[in-house]
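Heads up: the sequence shown at position 547 corresponds to 547 in UniProt numbering, and the numbers run straight through without jumps. For every residue, glycine included, the Cβ atom is placed at its ideal position computed from N, Cα and C. In what follows, a structure is listed as structure tokens, so that the remarks can point back to it.
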Amino acid sequence: MASTALSAAELEVEFANAKAYLMQADKDGVSAYDQLTRLMELLLEENPENVAGDPSKLHEILSFIQTHSFTCGESTSACYEATQVPAEELRRFEDNKKLFDLPAPEVRTVIEQPDPYTTITTTTVVPLKAPSFESVAAQNKYWTAVGCGLADEEAFLLDRSITNLAMEKNLQDIKFFGKIFGTHNDYFVLRTRRYLEAGETLYVETNTMGKPPRKKGMVPVQAEPGYVGVNRYTFWVTASPSDKWEKLPDVTPQQINAARETKRFFTGDLSASVVATFPWGEAAYLRAQVARITSSTTIAPQGALEEPEPEQETEEDEDEDAEDGAPRKPKEAKYKPLVVPSPDYGEEEVDVAQLTTDRWVHAEGYIYKNGRQTKVPEKPEPEEGEGEGEEEAEPEPGEPEADAQGEEEEEEPEEEEEVELFTPIQNDYLYGVVDIPQPPPAINDEDEEEEEEPEEEGEEEPREPDNTPLKPLRDDDVPDDDPTKMKIACWTMRVESNVSKAHRIAVVQSLRWPGATTYAAEGGRRWSCVYFGNGMKKTDAAFTPSPAPPVQSECADITEVEDPTAAVEKLVRRGEEIPEADSEAEPEELEEEEDS
Numbered sequence: 001m002a003s004t005a006l007s008a009a010e011l012e013v014e015f016a017n018a019k020a021y022l023m024q025a026d027k028d029g030v031s032a033y034d035q036l037t038r039l040m041e042l043l044l045e046e047n048p049e050n051v052a053g054d055p056s057k058l059h060e061i062l063s064f065i066q067t068h069s070f071t072c073g074e075s076t077s078a079c080y081e082a083t084q085v086p087a088e089e090l091r092r093f094e095d096n097k098k099l100f101d102l103p104a105p106e107v108r109t110v111i112e113q114p115d116p117y118t119t120i121t122t123t124t125v126v127p128l129k130a131p132s133f134e135s136v137a138a139q140n141k142y143w144t145a146v147g148c149g150l151a152d153e154e155a156f157l158l159d160r161s162i163t164n165l166a167m168e169k170n171l172q173d174i175k176f177f178g179k180i181f182g183t184h185n186d187y188f189v190l191r192t193r194r195y196l197e198a199g200e201t202l203y204v205e206t207n208t209m210g211k212p213p214r215k216k217g218m219v220p221v222q223a224e225p226g227y228v229g230v231n232r233y234t235f236w237v238t239a240s241p242s243d244k245w246e247k248l249p250d251v252t253p254q255q256i257n258a259a260r261e262t263k264r265f266f267t268g269d270l271s272a273s274v275v276a277t278f279p280w281g282e283a284a285y286l287r288a289q290v291a292r293i294t295s296s297t298t299i300a301p302q303g304a305l306e307e308p309e310p311e312q313e314t315e316e317d318e319d320e321d322a323e324d325g326a327p328r329k330p331k332e333a334k335y336k337p338l339v340v341p342s343p344d345y346g347e348e349e350v351d352v353a354q355l356t357t358d359r360w361v362h363a364e365g366y367i368y369k370n371g372r373q374t375k376v377p378e379k380p381e382p383e384e385g386e387g388e389g390e391e392e393a394e395p396e397p398g399e400p401e402a403d404a405q406g407e408e409e410e411e412e413p414e415e416e417e418e419v420e421l422f423t424p425i426q427n428d429y430l431y432g433v434v435d436i437p438q439p440p441p442a443i444n445d446e447d448e449e450e451e452e453e454p455e456e457e458g459e460e461e462p463r464e465p466d467n468t469p470l471k472p473l474r475d476d477d478v479p480d481d482d483p484t485k486m487k488i489a490c491w492t493m494r495v496e497s498n499v500s501k502a503h504r505i506a507v508v509q510s511l512r513w514p515g516a517t518t519y520a521a522e523g524g525r526r527w528s529c530v531y532f533g534n535g536m537k538k539t540d541a542a543f544t545p546s547p548a549p550p551v552q553s554e555c556a557d558i559t560e561v562e563d564p565t566a567a568v569e570k571l572v573r574r575g576e577e578i579p580e581a582d583s584e585a586e587p588e589e590l591e592e593e594e595d596s
């Protein structure tokens, strides 16, 4: 068969067809062209010996290429193998998947029977609606911009978890409080309006405190009911967005005062014990700390919030109070917000960089020393005939009787001054104590001249007393008249994203509760408070460096004095007076004395 010569164009077509044939890939994306290319690269790079005489080496190289093709940047069947995922991660993925399950809708069935022979059944399916609340994911971009916040995935899952909880419990006034770190688990804290269980009813507070058993005794302060004071809100906590939300119990004044004297890290277990001085457990300790943080760090721009208008009592309530002879029934309490948004705020855009401390105010009630935000209501005066049969408690044997009623009145504790709402935060201060070094004790010369007595064996030399004053543990331990006590601002301010006026973010952070952060953005229209911390107050005095020592005086200048001559030295030895330099006889007398 005679060979036919191919033209250059035909050779190029045949080469392209052969290359296309070799580049055909299988289902795993591997082609013979890729294998041959890697084979030639390895032969040129490694330069193995006697490859032509031993074809088995080519098989070894091809097996190596196929096994390590993923490392070399090529696709093989090995890349499609399932990776090993830890069991804990798989369990977490399954739990997070449940957050996206839609809750069962509410089914309402109405049965009507217009006549004995007709029955009409109407079934209505009403899907549950999620209440509106400020999204955690939307706020998280501002939190991360100011230096705190959550991971994007965590914030998104929290939105789903909060939505499911709100739909299940029908919650209102939902707000994400923050995250409290623990040694084993962390707490995500959610704040809502007071949640009422099925059949629960709240009544207006009345004074139920009894008389002390002794005249000098104290009666525990009663707790605030729902819708009032520190129990106005309900707080929910969870360790993970996929876990169940737990409702924290109401807090009592005794728990708040005990929490003020306790400083301990959280463990992440609500059933864990705290310390002996706080016997209620970690759930109560967490609730007390959250109430203190809320009261101290909830702030707002001036004018953004206002007090609601007082509600007028209805005629039915007045008629019930006016009835004579009938016992007074407890009034059912109604929810009344402490503050409401001001309708006029936000109409004009403001520069958030100008929001100084005098333009930020407290937006939550102050917790007094007795552990309450509100005063205990006074007891109603007893009606006629109620106190006739009551006898005064006789003092126990050994107890001194009061001499006069005036002395008892003097022993009663003074009431604290009422702290008004919307007070500027510039009135808040921390106190720092400057460590002023004390001079060493003076040593008399007579003591140094006295002979030292021989020291007895086994006795140590007495150490010099430390004159440095001890640093107080709390701000209250420092007296007000202490000259080393200094006022330090309780809040720090800065501006983030200072690119333009519209993109500025004002940041206010608390030094008393490290982790409490408030931001204002979008021309002051958007602001929020959040807490990311350990849940502990800064109780020790703020660190302030000791002042610099006084500037030392410079050494005296060098004075030049002429050396005395031999004649002057003789006069000094004789005790004679030295003639003045202006005297005319001085040179002659001195010369004669020198000659003699």
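Pull up the distance between the alpha-carbon of residue i and that of residue j, whole angstroms please.
i	j	result
Pro550	Asp557	21 Å
Glu576	Asp563	18 Å
residue 620	Tyr429	Look at the range of the chain in this structure, 1 to 596, and you will see that residue 620 is not part of it.
Asp403	Pro212	Interpretation of Asp403 is limited by its pLDDT of 48, a score under 50 that renders its predicted location unreliable; no figure is taken from the coordinates.
Val85	Cys148	30 Å
residue 600	Lys169	Since the displayed the chain opens at 1 and closes at 596, residue 600 lies outside it and no answer follows.
Ala239	Leu102	22 Å
Val568	Val561	14 Å
Glu388	Pro279	Reliability fails at Glu388, whose pLDDT of 46 lies under 50, so the model's placement of it is uncertain and the value that follows must be treated cautiously. Distance between the alpha carbons of Glu388 and Pro279: 41 Å.
Gln373	Thr423	15 Å
Asp26	Gln35	12 Å
Thr206	Lys379	7 Å
Tyr285	Thr539	17 Å
Thr163	Lys487	44 Å
Val107	Pro241	28 Å
Leu44	Gln66	18 Å
Arg512	Val221	27 Å
Gly371	Asn257	6 Å
Phe156	Thr144	14 Å
Arg193	Lys175	9 Å
Met493	Tyr431	18 Å
Ala9	Ala18	14 Å
Lys570	Ile578	10 Å
Skipping 5 residues on each side, what residues in its chain have a beta carbon closer than 8 Å to that of residue i?
i	result
Glu352	Looking at the sequence provided, one finds Val at residue 352 rather than Glu. Val495, Arg504, Ile505, Ala506, Ala520, Ala521, Gly523 and Gly524, listed in sequence order.
Ile120	Ile111, Glu112, Gln113 and Pro114
With which residues is residue i paired in a DSSP beta bridge?
i	result
Phe532	Lys179
Phe266	Gly182
Val126	Glu106
Pro424	Val361
Tyr203	Glu332
Met493	Val508
Ser31	Ala25
residue 599	The requested residue 599 is not part of the displayed model; the chain covers only 1 to 596.
Lys487	Tyr431
Tyr233	Arg193
residue 661	Because the chain is modelled from 1 through 596, residue 661 falls outside the range shown and cannot be assessed.
Trp527	Ala520
Excluding the five sequence neighbours on either side, which residues of its own chain have a C-beta within less than 7 Å of the C-beta of residue i, listed in chain order?
i	result
Ser342	Gly303, Ala304, Leu305 and Glu306
Tyr531	Phe177, Gly178, Ile293, Thr297, Gly515 and Ala516
Leu58	Val51
Glu416	Tyr368 and Lys369
Glu261	Thr277
Gln255	Trp280, Ala284 and Ala288
Tyr142	Ile505, Tyr519 and Ala521
Thr208	Gln222
Cutting at 6 Å between CB atoms, please list the residues of its own chain near residue i, excluding the five before and the five after it.
i	result
Glu392	Bear in mind that a pLDDT of 46 at Glu392, under 50, signals an unreliable position, so the model cannot answer this.
Thr123	Thr109
Asp159	Ser135, Val136 and Ala137
Asn231	Glu224 and Asp250
Asp346	One point to set straight first is that residue 346 is Gly, not Asp, in the sequence displayed. Around Gly346: Arg525.
Phe181	Asn534
Counting only runs of 4+ residues fully inside the region 537-577, write out the alpha helix (DSSP H) ranges in chain order.
Within the region 537-577, the runs of alpha helix (DSSP H) at least 4 residues long that lie entirely inside it are, in chain order, 566-574.
Would you say the region 221-236 touches the region 334-341, given that touching needs at least three Cβ pairs under 8 Å?
At 8 Å Cβ cutoff, the stretches touch.
Which ranges would you report for the beta strand (DSSP E) in the region 113-162 if only whole runs of at least 3 residues count?
The region 113-162 contains these whole beta strand (DSSP E) runs: 118-126.
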